[in-house]
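Student: Please find one structure pasted underneath; my questions will follow.
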Amino acid sequence: MKHIREHSTWRICCGVVSLMMVVQCYGQESEPCSTPNGTAGRCIKVRDCGYVLDLMRKDNFRFNDTEYLEQLQCGIRPDGLTLVCCPQVTNDPQCGPSSFVVRVMGGNDTEIGEYPWLALLRFQARNREIKSNCGGSLIAKRFVLTAAHCYTSAKKKLLSVHSVRLAEWNFNNHRSRKDCKQLKDYDIPICRKDYEVERFVLHPQYRVSHGVHLNDIALIELATDVEYNVFVAPICLPVDVPRLPPDDIVKEYTAAGWGSTEQSSGMSNHLMQLCLSEWELVLHRPVELH
């Protein structure tokens with residue numbers, strides 16, 4: 001059987017000709033398929049499946065990973081290359097742009113509902129005080145995407161995640177400690193809500209090297225489904241995006257959050273936004289917008 005790891009660095013140790021014959025029967029290139037856990041995928045070459053490549057390159061590769069890779073096989077090309085069922089990322093059908101039409105950009109307050117997917121992460125300190133010092137993006141009814149470094153303290157200890165808050169826009173709207181506020185020109189009130197965390201998963205290869213956070217990504221699973229409305233909706237992930245010529249690639253990006261501003265070193269009461277150039281992202285400019 002041909003190896004399925006590129007650069008001839010890994011080989012499935014089956015050694016059974018009949019298995020190769022079976023593999024050839026049940027899948028062809030580019031056909032739809034299902035992974036062992038039931039996720040929809042497509043039968044493609046190993047080198048075209050980032051999911052499989054990442055799995056094989058991880059530091060703590062184990063025997064059960066080998067078994068899983070064998071189960072992902074879905075066919076063999078005429079030239080002998082193994083095909084794998086590569087999971088296809090799909091967006092929530094209700095994801096997309098907010099109902100608000102952007103009027104202003106660059107270091108400004110946001111408008112209500114402009115970023116309905118933005119989540120505020122709340123952590124519990126040792127003195128049981130609840131602090132909000134990081135953000136994330138809602139990507140599905142139970143999942144929030146965030147940065148792995150949000151979960152580690154200065155002493156490299158994991159922090160305790162208390163909850164995830166959605167529909168927070170301006171802390172001043174809730175001085176009375178009420179979670180809902182009726183705003184002018186809106187038919188429904190904006191109601192912030194805290195969701196308990198079922199678990200969080202750090203990228204298995206997250207680490208800090210020479211001050212640079214590598215694979216700085218984490219996933220939060222909520223304990224209950226999120227209720228969508230005009231103020232709460234998931235963001236669309238960049239899946240199936242065609243490759244563009246270098247001159248057509250977006251050169252500016254937007255960061256949003258409740259981070260510090262030029263006027264204050266603490267958290268901003270109001271959800272803010274800031275334009276970043278591609279060069280500033282490469283330099284890891286500390287924008288202080290979590």
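Per the UniProt record's numbering, the very first residue in the sequence shown carries number 1; after that it's consecutive. Glycine included, every Cβ here is placed at the ideal spot set by N, Cα and C. From a predicted model like this one, the values you see are computed outputs, not experimental measurements.
Could you say if the stretch 108 to 115 and the stretch 202 to 213 meet the contact criterion of at least three C-beta pairs nearer than 8 Å?
Tutor: Touching, no, given that fewer than three Cβ pairs across the two stretches are closer than 8 Å.
Student: Less than 8 Å between the beta carbons of Ile220 and Phe143, yes or no?
Tutor: Contact flag set, yes.
Student: Taking 8 Å as the CB-CB limit, is Cys134 close to chain C?
Tutor: Although the question refers to chain C, the structure presented lacks it and comprises just one protein chain.
Student: At what residues does the alpha helix (DSSP H) containing Val52 begin and finish?
Tutor: Looking at the DSSP string, the run of the alpha helix (DSSP H) that includes Val52 is 50 to 57.
Student: Buried or exposed: Gln182, going by 16 or more other Cβ atoms within 10 Å of its Cβ?
Tutor: Answer is exposed; the Cβ neighbour count stays below 16.
Student: Within 10 angstroms of its Cβ, does Gln273 collect 16 or more other Cβ (buried), or is it exposed?
Tutor: With 16 or more other Cβ atoms within 10 Å, it is buried.
Student: On the DSSP bridge list, what partners appear for Glu252?
Tutor: Answer is Ser277, bridged to Glu252.
Student: What are the partner residues of Cys95, as DSSP defines its beta bridges?
Tutor: The partner list for Cys95 (beta bridge, DSSP) is empty, contrary to what the question assumes.
Student: Answer with buried or exposed for Val161, where buried requires no fewer than 16 other C-beta atoms within 10 angstroms of its C-beta.
Tutor: The residue in question, Val161, is buried, as its Cβ has 16 or more Cβ neighbours within 10 Å.
Student: Would you kindly report the start and end of the unbroken alpha helix (DSSP H) that includes Glu196?
Tutor: Note, Glu196: premise wrong, no alpha helix (DSSP H); beta strand (DSSP E) at 193 to 202.
Student: Leaving out five residues before and five after Ala147 in sequence, what residues of the same chain have Cβ atoms less than 6 Å from its Cβ?
Tutor: Counting only Cβ-Cβ distances below 6 Å, and skipping sequence neighbours, we find Asp216.
Student: For a test of the three-state rule: what should DSSP assign to Ala40, helix, strand or coil?
Tutor: Correct three-state label for Ala40: strand.
Student: From this set, Val84, Ser30, Val89, Pro116, which residue's C-alpha is nearest Lys193's C-alpha?
Tutor: Cα-wise, what sits closest to Lys193 is Pro116.
Student: Suppose you measure from the CA of Gly80 to the CA of Lys45; what does that come to, to the nearest Å?
Tutor: Straight-line Cα distance between these residues: approximately 11 Å.
Student: Cutting at 7 Å between CB atoms, please list the residues of its own chain near Gln88, excluding the five before and the five after it.
Tutor: Hits under 7 Å: Ala40, Gly41, Arg42.
Student: May I have the straight-line CA-CA distance separating Asp179 from Lys141, to the nearest angstrom?
Tutor: Asp179 and Lys141: Cα-Cα distance of roughly 20 Å.
Student: Helix, strand or coil, according to DSSP, for Glu111 in the structure here?
Tutor: DSSP places Glu111 in coil when its eight states are reduced to three.
Student: Just confirm the distance between the C-beta atoms of Ala256 and Leu271, as a whole number of angstroms; I'd bet it's less than 8 Å.
Tutor: With 8 Å as the limit, Ala256 and Leu271 qualify as a contact, their Cβ atoms being about 7 Å apart.
Student: Return yes when the Cβ of Leu222 is within less than 8 Å of the Cβ of Tyr195, no when it is not.
Tutor: Contact flag set, yes.
Student: So, at 6 Å on beta carbons, what are the nonlocal neighbours of His213 in its own chain, with the 5 sequence-adjacent residues on each side left out?
Tutor: Closer than 6 Å at Cβ, skipping near neighbours: His149.
Student: Report the partner residues of Cys86 according to the DSSP bridge assignment.
Tutor: Answer is Arg42, bridged to Cys86.
Student: In angstroms, rounded to a whole number, what distance separates the CA positions of His203 and Ala218?
Tutor: Answer to the nearest angstrom: the Cα atoms are 6 Å apart.
Student: Buried or exposed, going by whether 16 or more other CB atoms sit within 10 Å of the CB of Ser268?
Tutor: Buried, by the Cβ-count rule.
Student: Have a look at Val226 and Arg122 and give me their C-alpha separation to the nearest angstrom.
Tutor: When rounded, the distance between both Cα atoms is 16 Å.
Student: What whole-angstrom Cβ distance do Leu159 and Ser137 have, given they're in contact under 8 Å?
Tutor: So it is not a contact: roughly 19 Å between Cβ atoms.
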